[in-house]
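Undergrad:
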Amino acid sequence: MPYLFILLLTFLSFTLHAQRYSTESKVAIKRFEKALDYYKVRENAEALEQLGKALEKDEFFIEAYLLRAEIYNELGDREAELLELEQVVRIQPDYDPRTYYYIAISHFQSARYEKALEAFQSYLDYGDEGDKIQQSEFFVECCLFAQEAMKNPLSIELTNLGSDVNTPYNDMMPALTADELTLYFTVDVPITDELPHGGRNRQEDFFFSRRQGDVWSESMNLGPPVNTPGNEGALTVSGDGFSLVYASSSLPEGYGSTDLYASSLTADGWSKPINLGSKVNSSSWDSQPSLSSDGQMLFFVSNRPGGYGRQDIWYSWKDENGNWTEPQNAGPAVNTPRDENSPFFHHDGETLYFSSNGHVGLGGMDLFKVRFNRAEGFSKPVNLGYPVNTHENEEFLVINAAGNRAYLSSERPGSNKKDLYSFDLPQAIRPNPVVYVKGKVFDEEVGNPLFTEFTLIDLESGETILKSESSPVNGDYLVCLPSGRDYAFRAAKEGYLFYSENFSLKDNFRPDQPFFLDIPLQAIKSGKTVVLNNVFFDTDKYALKEESKYELEHLVRFMQENPGLRIEIRGHTDNQGSEAYNLELSKQRAHAVYDYLVAKGIPDSRLSYRGYGMTQPLAENETEAGRAKNRRTEFRIQ
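Just so you know, we're using this note's numbering here: the sequence shown kicks off at 21 and counts up by one.
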């Protein structure tokens, strides 16, 4: 808030012609004008010396106090700045009502909310005109909110990640894989150790650390080709850890001052970065990306035209061909005439966290969360409260998949510049919890890792929640499963039988207990069998439940894509009930699947069905889990 240009400029332009100041002392005026010359070339120490001499000649010289306040403001010395402004009010209370506005801002920036309210009200009582009225009303709301938030603090305790992770420099902008095992972040490193750090001897590089148990490893520079001799800014990582999107201002093929780039994990490390193209990137500044868990949606920050403020949050998603669509502005629910930044889209696919100084908060950049879906847009932002937010800037929050632990960068007592911290996230501001399934996909016979496509379907709505892939390098995969739904999970690869699994997370959900599932895919050969884990019947019934159609539709497509195949549909039961009853029930259930396929156009000459009752169990029948595994429908290649 430059006082010189807001409070003094109009007055000084007049005094240069009329030679009218608040002092009659020619020596004080001479010292002041010399200080003004020093200030214009940013020689602040010399300017302050001259102002001190001016005030020695006239202690009621208002303009000298205002210029000193301006200099202290630029130096970040809030207390000294406030003293100068209060001197102006003591000397001449009606000099300029905007002085009260800046006194209020100074109190607000130091979390003295009660005094800030008094000063804002003093300013508003003058009935001044201009944008300061609206801003004062906004800050009054902020003061009232901050007072209430501090009366009802959240219970959190920040834990510094320690010297193994944090460097001697600024450690910022964390990014986290869904399994919470790899942490990426940006470090402001010196270019050479032979010169003092800072100024031209600094650049931003990406570092990473891996977690084993509760211990994070010593952080390491990510190295080329992602890091370059120039600046790499904020980074995001897909949930499975196989893809990075990050900001860079140093690569030659950019469209603007800073662009977004992508890199993929290969057998040789991270691939050469690829610019995301002219749809996502613009001639403006594009940075601070956040990928959805499956890598299909991207949030980022830009100051491009068409926004609501200086920096806005935008988003894009991949089309059917894997290309990024034209970005959309997140709109007025999220963006304000001021600044929004550091979006983080949680693995639940619904919760967006971001920073803003344009929504009501405690001061500086506060952290907020909103709910999002493509059909309805964004909900009203919710401030994360105190002490997650303070009067300082809080930015770049990331949260683990389970939704119970957060990471951020902060400069707090005990930190070495900006350090990375973690804390347990209070229930009230958590996203929807997410559990993940991870493992390896490989050829059942030879053990080679396989590059495979995954699909996750909500069995109730039929909505495809996400599509993902295993790593082409080692067959590893990770898929996030948001809570509160039942899912059909499917892995498919050309030349292989598909694999299906069911995850029932409506009632039995433990985000702290991920699923580990290696998937041996079977080449399409005679005698191979696939269990249809998402074909459902009511107890003692053989009518197909509605949720079965998504699995069966995939079986229809599989048969259409492999027209030479003949299969036998096979029904099985547990050992509850008589042998004859179970044999008939299993036969009728197999028949129901047979009828569905025939109705969908699969020739009956390619199909047969049979019930096996309880004669071919896959597990012991002594437990409910074992019996559930034995109650199954499958098909076998003839």
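Virtual Cβ for every residue (Gly too), placed ideally from N, Cα, C.
For residue 263 versus residue 284, is the C-beta distance shorter than 7 Å?
TA: Taking the sequence shown and counting its residues from 1, one reaches residue 263 at position 243. Taking the sequence shown and counting its residues from 1, one reaches residue 284 at position 264. Result yes, Cβ atoms of residue 263 and residue 284 sit closer than 7 Å.
Undergrad: Over what stretch of residues does the alpha helix (DSSP H) that includes residue 89 continue unbroken?
TA: Numbered from its first residue, the sequence shown carries residue 89 at position 69. Element bounds for residue 89: 82–95.
Undergrad: Identify every run of the beta strand (DSSP E) within the region 394–436, keeping only runs that are complete inside it and at least 3 residues long; order them along the chain.
TA: Runs found: 425–430.
Undergrad: Once the 5 residues before and after residue 522 are set aside, which same chain residues still bring their CB inside 6 Å of it?
TA: One-based indexing of the sequence shown puts residue 522 at position 502. Within the same chain, residue 522 has close Cβ partners 553 and 554.
Undergrad: Given a threshold of 16 other Cβ atoms within 10 Å of its Cβ, counted over all protein chains shown, does residue 415 qualify as buried or as exposed?
TA: On the sequence shown, position 395 is the one that residue 415 refers to. Residue 415 is buried by the Cβ-count criterion.
Undergrad: Report the rounded CA-to-CA distance for residue 326 versus residue 537, giving the unit in angstroms.
TA: For the purposes of this step, residue 326 is taken as residue 306 along the sequence shown, with counting starting at 1. For the purposes of this step, residue 537 is taken as residue 517 along the sequence shown, with counting starting at 1. In a straight line, the C-alpha of residue 326 is about 46 Å away from that of residue 537.
Undergrad: Suppose you measure from the CA of residue 467 to the CA of residue 403; what does that come to, to the nearest Å?
TA: Here residue 467 is taken as the residue at index 447 of the sequence shown, counted from 1. Here residue 403 is taken as the residue at index 383 of the sequence shown, counted from 1. Answer to the nearest angstrom: the Cα atoms are 50 Å apart.
Undergrad: Could you tell me which uninterrupted alpha helix (DSSP H) segments, each at least 4 residues in length, are contained entirely in the region 147–226, listed from first to last along the chain?
TA: Listed in chain order, the complete alpha helix (DSSP H) runs (minimum 4 residues) inside the region 147–226 are 151–171.
Undergrad: Can the beta-carbon of residue 476 be found closer than 7 Å to that of residue 529?
TA: As a working mapping, residue 476 is identified with position 456 in the sequence shown. As a working mapping, residue 529 is identified with position 509 in the sequence shown. Taking 7 Å as the Cβ cut-off, residue 476 and residue 529 do not qualify as a contacting pair.
Undergrad: If you count every other CB in all the chains shown that lies within 10 Å of the CB of residue 337, and 16 or more means buried, which is it?
TA: Here residue 337 refers to the residue found at position 317 when the sequence shown is read from its first residue. Exposed, since its Cβ has fewer than 16 Cβ neighbours within 10 Å.
Undergrad: Determine contact between the region 503–520 and the region 449–469, defined as no fewer than three beta-carbon pairs at a distance below 8 Å.
TA: Segments in contact, yes.
Undergrad: Please report how far the alpha carbon of residue 323 lies from the alpha carbon of residue 304, in whole angstroms.
TA: For the purposes of this step, residue 323 is identified with residue 303 of the sequence shown, where counting begins at 1. For the purposes of this step, residue 304 is identified with residue 284 of the sequence shown, where counting begins at 1. Their Cα atoms are separated by approximately 6 Å.
Undergrad: Counting Cβ pairs, one atom from each stretch, are 3 or more of them under 8 Å apart for the region 159–175 and the region 112–132?
TA: In short, these stretches touch, since the Cβ pair count reaches three.
Undergrad: Go ahead and label residue 36 buried or exposed: buried means 16 or more other beta carbons lie within 10 angstroms of its beta carbon, across all protein chains shown.
TA: In the sequence shown, residue 36 corresponds to position 16, counting from 1. Bear in mind that a pLDDT of 43 at residue 36, under 50, signals an unreliable position, so the model cannot answer this.
Undergrad: Going straight from the alpha carbon of residue 240 to that of residue 517, what length do you get?
TA: Looking up residue 240 in the sequence shown gives position 220. Looking up residue 517 in the sequence shown gives position 497. Their backbone Cα atoms lie some 41 Å apart in a straight line.
Undergrad: Consider the C-beta atom of residue 618 and the heavy atoms of the ligand SAH; say whether any pair is separated by less than 6 Å.
TA: Absent from the structure shown: the ligand SAH. Ligands present: none.
Undergrad: Mind reading off the beta-carbon distance from residue 654 to residue 550? Whole number of angstroms is fine, and I expect it under 8 Å.
TA: Here the question's residue 654 lines up with position 634 in the sequence shown. Here the question's residue 550 lines up with position 530 in the sequence shown. So it is a contact: roughly 6 Å between Cβ atoms.
Undergrad: Using the rule of at least 16 other Cβ atoms within 10 Å of the residue's Cβ for burial, across every protein chain shown, is residue 310 buried or exposed?
TA: By 1-based counting over the sequence shown, the position of residue 310 is 290. Classification of residue 310: buried, given that the 10 Å Cβ count is 16 or more.
Undergrad: Assuming residue 19 and residue 243 make a contact with CB atoms under 8 Å, what is their CB distance in whole Å?
TA: As shown, the chain starts at 21 and ends at 658. That puts residue 19 outside it, with no answer to give.
Undergrad: For residue 438, tell me which candidate among 182, 353, 167 and 570 has the shortest Cα-Cα distance.
TA: Looking up residue 438 in the sequence shown gives position 418. With distances taken between Cα atoms, residue 438 lies closest to 182.
Undergrad: Quick test of your reading: residue 490 and residue 496, contact by CB under 8 Å. State the CB separation rounded to the nearest angstrom.
TA: As a first step, residue 490 must be located in the sequence shown, where it is residue number 470. As a first step, residue 496 must be located in the sequence shown, where it is residue number 476. Contact flag correct, Cβ pair sits at about 6 Å.
Undergrad: Who are residue 317's beta bridge partners in DSSP?
TA: As a first step, residue 317 must be located in the sequence shown, where it is residue number 297. Bridge partners of residue 317: 337.
Undergrad: Taking its Cβ as the centre, do 16 or more other Cβ atoms sit within 10 Å of residue 152, making it buried, or is it exposed?
TA: Translated into positions along the sequence shown, residue 152 becomes position 132. The residue is buried, with at least 16 neighbouring Cβ atoms inside 10 Å.
Undergrad: By the three-class DSSP mapping on this structure, what secondary structure does residue 375 have?
TA: Working through the sequence shown from its first residue, we reach residue 375 at position 355. Correct three-state label for residue 375: strand.
Undergrad: I need the boundaries of the beta strand (DSSP E) containing residue 459, first residue and last residue.
TA: For the purposes of this step, residue 459 is taken as the residue at position 439 of the sequence shown. Unbroken beta strand (DSSP E) run through residue 459: 454–463.
Undergrad: To the nearest angstrom, how far is it from the Cα of residue 345 to the Cα of residue 380?
TA: Residue 345 sits at position 325 when you count from the first residue of the sequence shown. Residue 380 sits at position 360 when you count from the first residue of the sequence shown. If I take the Cα positions, the gap works out to 32 Å.
Undergrad: Would you please state the rounded distance, in angstroms, between the beta carbons of residue 531 and residue 174? I believe it to be under 8 Å.
TA: Here residue 531 refers to the residue found at position 511 of the sequence shown. Here residue 174 refers to the residue found at position 154 of the sequence shown. Their Cβ separation, rounded to whole angstroms, is 20 Å, which puts residue 531 and residue 174 out of contact at 8 Å.
Undergrad: Considering only DSSP beta bridges, list what residue 294 is partnered with.
TA: Here residue 294 corresponds to residue number 274 of the sequence shown, with the count starting at 1. Residue 294 is bridged to 282.
Undergrad: Would you mind stating whether residue 511 and residue 539 have Cβ atoms separated by less than 7 Å?
TA: Residue mapping note: residue 511 aligns to position 491 of the sequence shown, counting from 1. Residue mapping note: residue 539 aligns to position 519 of the sequence shown, counting from 1. Yes, they are a contact pair.
Undergrad: In whole angstroms, what separates the C-alpha of residue 573 from that of residue 614?
TA: Working through the sequence shown from its first residue, we reach residue 573 at position 553. Working through the sequence shown from its first residue, we reach residue 614 at position 594. Taking the straight line from one Cα to the other gives about 12 Å.
Undergrad: Counting Cβ pairs, one atom from each stretch, are 3 or more of them under 8 Å apart for the region 44–55 and the region 69–86?
TA: Yes: at least three Cβ pairs fall under 8 Å.
Undergrad: Could you check which residue in 630, 631 and 595 has the C-alpha nearest to that of residue 646?
TA: Against the sequence shown, residue 646 aligns to sequence position 626. Residue 595 is the option with its Cα nearest to residue 646.
Undergrad: State the Cα-Cα distance for the pair residue 302 and residue 279, rounded to the nearest angstrom.
TA: Counted from its first residue, the sequence shown places residue 302 at position 282. Counted from its first residue, the sequence shown places residue 279 at position 259. Each residue's alpha carbon lies about 8 Å from the other.
Undergrad: Residue 411 and residue 378 - do their beta-carbons sit closer together than 7 Å?
TA: Against the sequence shown, residue 378 aligns to sequence position 358. Against the sequence shown, residue 411 aligns to sequence position 391. No, these two residues do not count as a Cβ contact at 7 Å.
Undergrad: Can you give me the C-alpha to C-alpha distance between residue 548 and residue 635, rounded to a whole angstrom?
TA: Working through the sequence shown from its first residue, we reach residue 548 at position 528. Working through the sequence shown from its first residue, we reach residue 635 at position 615. Using only the alpha carbons, I get a separation of about 19 Å.
Undergrad: Taking C-alpha atoms, which residue in 494, 485 and 231 lies nearest to residue 470?
TA: Counted from its first residue, the sequence shown places residue 470 at position 450. Of 494, 485 and 231, the residue nearest in Cα terms is 494.
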